[in-house]
Amino acid sequence: MKIYMLIALCGFTTLTFNSLAHAEGLPDLGDVSQESLTPQQEKQIGEQSMFEIRADKSFLDDAEVNDYLNNIGYQLVANSNEPSQEFEFFTLDNNSINAFALPGGFIGVNTGLILTAQSESELASVLSHEIAHVTQHHIARMVAGQKFDSITTMAAIAIAILAARNNPDAAQTAIIGAQAGSIQRQLNFTRTHEMEADRLGLITLQKAGFDPRAMPAFFERLQKATSLFDNNVPSYLRTHPITSERIADTASRVQQIPFRFVADSLNFHLVRAKLRAMQKNSRDVITYFNGALGDQKHGNPIAQRYGLAMALLNNGQNKQAAQEFAPLQKYTAQNPMIATLAGAISNAHTHEPATINFYRTATQNFPQHRALFYDYAELLIQDQRFDDALNVLELQVLKHPNDAHLYELQARTYAALGKRQEKHHALAYYYTLRGNLFGAIEQLELAKSAGKDYFKLSAIESELKKLKAIAAAMQKR
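When the count follows numbering that gives the first Met the number 0, it moves up by one through the sequence shown with no breaks and lands on 476 for the last residue.
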């Protein structure tokens with residue numbers, strides 16, 4: 000494994016080192032208790048916050064869902080007022096209706112909001128609004144205005160606020176305890192911030208080819224829903240208060256835009272079906288999809304059948320899954336998500352060479368679809384074709400150096416080959432990306448003791464030094 004990957008896959012380490020002791024020989028970022036932050040400081044706060052978000056059990060590490068979200072997100076970013084700004088869009092497995100932005104371009108979306116959106120343009124309207132909060136530096140200016148004396152403290156505050164926003168009681172148990180609740184009101188977006196994010200979001204939405212009418216429609220529906228929630232107001236309404244004035248303002252703006260029908264992509268429906276199929280009660284989910292395809296007839300029929308087949312597969316009903324999936328077989332060469340499910344069903348039904356051939360062809364047809372490569376590598380490992388698995392994984396790691404699951408698969412392959420040092424080194428990357436800093440340090444220690452190659456040991460020692468410095472800084476906050 001190339002040692003330089005530690006910096007490539009852990010962007011937060013490069014930034015975090017700047018805030019450590021000058022013994023590292025790096026420049027200081029300067030006083031953070033100012034009214035504005037540099038782009039580097041914003042990125043650092045976001046990266047440190049993400050380090051802990053990725054460690055949380057609600058972080059949804061699903062390549063298909065997150066890749067879809069990033070495809071939509073970057074379509075919007077390309078048409079925003081800051082198209083060169085880097086972003087990362089990610090999903091939290093949480094039924095509450097919420098989305099949020101962190102300094103540095105990190106935007107999280109709860110599964111509850113994805114399932115609540117009735118069109119792809121509605122989902123895009125929320126993303127465009129959050130993108131505007133980032134490009135206008137609303138969050139960064141509010142955090143900087145709190146006069147905290149370190150980037151690490153700011154990152155801790157950001158995480159605590161996110162916890163408090165999803166669950167008001169969480170403020171007492173978040174990173175900084177009750178202090179989060181005391182500053183929650185100060186960090187909520189102002190009316191001016193919201194109006195500006197609405198205005199810029201609408202422009203971005205239209206330029207990116209989505210329906211701008213979706214923004215006031217979604218906001219109005221959420222506002223009307225508050226009466227059904229009683230005291231449990233949707234999280235998005237607590238952090239982005241939606242007033243009649245805001246709805247009227249956005250509705251007035253879109254009236255000036257010529258109407259144009261915008262169809263949802265198939266992937267929008269497939270992602271929503273997948274999220275439903277992943278819900279814990281498989282029987283209820285199967286009943287839901289059967290109803291959608293039966294007498295009730297609602298939703299996209301391709302996506303509903305996809306969801307039913309996936310729910311059956313998740314419930315161990317492999318034969319029924321294959322039967323329900325049969326009508327979708329013709330779409331496997333056209334859509335990577337359908338191809339991925341086809342492979343999973345085939346692999347569950349049989350381990351014949353035909354399944355490996357299917358994955359070889361599918362990965363050639365969809366070379367950017369990570370989920371296919373996960374399953375392909377998994378099948379090669381099961382078939383004890385370890386060298387082939389490593390070849391597949393090495394190429395994917397170069398394309399996706401921040402993908403934790405690829406390193407976990409690498410570690411298992413190295414373990415099967417008896418390559419202990421490589422196994423522990425790969426696990427160090429995996430734990431780092433999962434937010435388990437001390438687990439990563441332990442794996443590097445094990446890697447150091449598992450080999451004698453001078454150059455590898457020197458690189459591992461250097462990585463250990465850096466991670467230990469980060470761990471020390473985090474413990475002091």
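Positions of the beta carbon are idealized from the N, C-alpha and C atoms, including for glycine. The structure displayed is predicted, hence computed values, not measured ones.
Is DSSP giving residue i helix, strand or coil here?
i	result
F324	helix
Q178	Note that Q178 scores 45 on pLDDT, short of 50, meaning its location in the model is unreliable and no value can be drawn from it.
L91	strand
L307	helix
F357	helix
Q141	It should be noted that the sequence gives Met, not Gln, for residue 141. Correct three-state label for M141: helix.
G200	helix
V261	coil
I113	helix
T349	coil
A332	coil
K206	helix
F365	coil
N80	coil
L122	helix
E441	helix
H297	coil
N313	helix
I256	coil
T242	coil
R433	coil
P211	coil
D382	coil
T249	helix
Q278	coil
S457	helix
S127	helix
F218	helix
T191	helix
E462	helix
For residue i, which residues in the same chain have their Cβ closer than 6 Å to its Cβ, ignoring the five residues on either side in sequence?
i	result
G176	In this prediction, G176 scores a pLDDT of 41, lower than 50, which makes its location untrustworthy; the coordinate-derived value is nonetheless stated afterwards. So the list is empty, once near-sequence residues are dropped.
V396	L405
T203	L75, N78, S79 and S127
T15	Low confidence applies to T15: its pLDDT is 29, below 50, so where it sits in the model is not reliable, and the reading given next is rough at best. Around T15: I469.
Q409	L392 and A425
K422	A410, Y413 and A414
F258	none
E377	none
V64	T90 and V270
F218	I241 and I246
L416	F385
Could you spell out the range, first to last residue, of the alpha helix (DSSP H) harbouring residue i?
i	result
I71	A62 to V76
H136	Where H136 is concerned, there is no enclosing alpha helix (DSSP H), given that its DSSP letter is neither H nor E.
H404	A403 to A415
S281	S281 to L292
S448	From DSSP, S448 is part of no alpha helix (DSSP H); its letter is neither H nor E.
E41	P38 to I52
N390	F385 to K398
K418	Run containing K418: none; DSSP gives neither H nor E here.
In terms of DSSP beta bridges, what is residue i paired with?
i	result
A100	I106
L340	L340 is not bridged to any residue.
F58	L91
Whose C-beta lies closer than 8 Å to the C-beta of residue i among residues of the same chain, with five residues either side of it excluded?
i	result
S35	H136, A139, R140 and A143
L292	P300, Q303, R304 and L307
M194	R245 and D248
N521	A query on residue 521 cannot be resolved here, the shown segment of the chain reaching from 0 to 476 and no further.
For residue i, decide whether its Cβ has a neighbour in chain D, counting only Cβ atoms nearer than 8 Å.
i	result
R411	As a matter of chain content, chain D is missing from the structure shown, which is built from one protein chain.
Any heavy atom of the ligand MN closer than 7 Å to the Cβ of residue i?
i	result
L221	Because no ligand of any kind appears in the structure shown, any question about the ligand MN cannot be addressed here.
Quick one: what's got a C-beta closer than 7 Å to residue i's C-beta in the same chain, skipping five residues either side?
i	result
A449	R419, Q420 and H423
T331	I337, A338 and A341
### Task
Determine, using beta-carbon pairs with one atom in the segment 199-214 and one in the segment 118-136, whether at least three such pairs fall under 8 Å.
Under the 8 Å Cβ criterion, the segment 199-214 counts as touching the segment 118-136, having at least three qualifying pairs.
### Query
With contact counted as at least three CB pairs below 8 Å, one residue from each stretch, are the segment 336-344 and the segment 364-371 in contact?
Verdict: yes, contact present.
### Message
Does the contact criterion of 3 or more C-beta pairs under 8 Å hold for the segment 246-253 versus the segment 267-280?
### Response
Counting C-beta pairs with one atom in each stretch, the segment 246-253 and the segment 267-280 have fewer than three that are closer than 8 Å, which means they do not touch.
### Query
For the 8 Å Cβ check, are there 3 or more pairs between the segment 258-276 and the segment 216-223?
Too few Cβ pairs lie closer than 8 Å, so no.
### Query
Are the segment 349-369 and the segment 379-394 in contact at 8 Å, needing three or more beta carbon pairs?
Because the criterion of three Cβ pairs below 8 Å is met, the segment 349-369 and the segment 379-394 touch.
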